[in-house]
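Here is the structure we will look at.
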Amino acid sequence: MTEAQPPAPRHVKCPSCGRPSLYAPENRFRPFCSERCKLHDLGAWANESFRLASPEDPGLDAGSAS
Ligand SMILES: [Zn+2]
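Shown next, in the form of structure tokens:
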């Protein structure tokens, strides 16, 4: 019989900050290491494509919707 081995944690390099991030279902932001890095990366290309004149992004401010 084969011994059941736990799956080794897989880490990838975070595309945003370069730190090792956990590449597993429990990491919702994979391959990024955190939500901040994911949003930062998305915001990066968003700013490249859509450079608007709005100083702030409306809609992200009100976060109490529960
Ligand atoms: Zn990161």
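Residue 1 is where the sequence shown starts when you use full-length UniProt numbering, and the numbers rise one by one after that.
C-beta atoms are modelled at their ideal positions from N, C-alpha and C, and glycine is treated no differently.
Distance cut-off 7 Å: residue i Cβ against heavy atoms of ligand 1
| i | result |
| --- | --- |
| arginine 28 | no |
| arginine 19 | yes |
Chain-order list of residues whose beta-carbon lies under 6 Å from that of residue i (same chain, five-residue window excluded)
| i | result |
| --- | --- |
| serine 16 | Phe32, Cys37, His40, Asp41 |
| cysteine 14 | Ser21, Phe32, Cys33, Cys37 |
Proximal residues to residue i (C-beta, below 7 Å), its chain only, five neighbours per side dropped
| i | result |
| --- | --- |
| histidine 11 | Pro20, Ser21, Leu22, Tyr23 |
Delimiting residues of the beta strand (DSSP E) encompassing residue i
| i | result |
| --- | --- |
| proline 20 | 20-22 |
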